[in-house]
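Heads up, the thing below is written out as structure tokens.
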Amino acid sequence: LTKLTGGGNSLEVLIGLKQRGRKRVPLDQKVREAQLVLSRMVEGDSYEEAIAVIAEENHRSESAVEKNYAKMAPYAYGAKAIEFLIEPQSFSAKQKQRFDSLYDTKFNSIK
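Using the working numbering, you'd call the opening residue of the sequence shown number 67 and step up by one each time.
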């Protein structure tokens, strides 16, 4: 039995009595979650407020939403930039300014 669990899995996991870790979240759902967080921040919420609201709305932990946002932020910012290009009339000058500020903070401070 010890040899069967050589991969670090417990015996319960190997025979199907237990599942390991969180349920996998599809990539498109992770990106959408990151977009929702970014949209809330563009509307004026702080990072913490946006994470908390999206986590509650989607029945997920705040840490899971934070991890998704951290990994999927480039896609979310790209999608939001495209929204600004396609429908500029849908956004106020204040929202555009917030987006630019968030973008600069997220990507230009890395250099």
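Every residue, glycine too, gets a C-beta built ideally from N, C-alpha and C.
Own chain partners of residue i with C-beta closer than 7 Å, once the 5 adjacent residues on each side are dropped
i	result
residue 102	120
residue 163	none
Alpha-carbon to alpha-carbon, residue j and residue i
i	j	result
residue 159	residue 165	10 Å
residue 127	residue 133	10 Å
residue 161	residue 122	24 Å
residue 91	residue 124	12 Å
residue 94	residue 115	23 Å
Neighbourhood of residue i by C-beta, 6 Å cutoff - its chain only, sequence neighbours within 5 removed
i	result
residue 155	none
Selected residue, minimal CA-CA separation from residue i, among the options
i	options	result
residue 113	123, 124, 100 and 125	100
residue 24	127, 89 and 135	Here the chain has residues from 67 to 177 only, and residue 24 is not among them.
residue 89	83, 146 and 130	130
8 Å Cβ shell around residue i - same chain, five flanking residues per side excluded
i	result
residue 139	100, 104 and 172
residue 146	101, 104, 105, 108 and 165
Contact with chain C by residue i, beta-carbon distance below 7 Å
i	result
residue 164	Given the protein chain composition of this structure (a single chain), no chain C is represented.
First through last residue of the alpha helix (DSSP H) which encompasses residue i
i	result
residue 83	Taken as a continuous stretch (DSSP letters only), residue 83 belongs to no alpha helix (DSSP H), as it is neither H nor E.
residue 94	93 to 109
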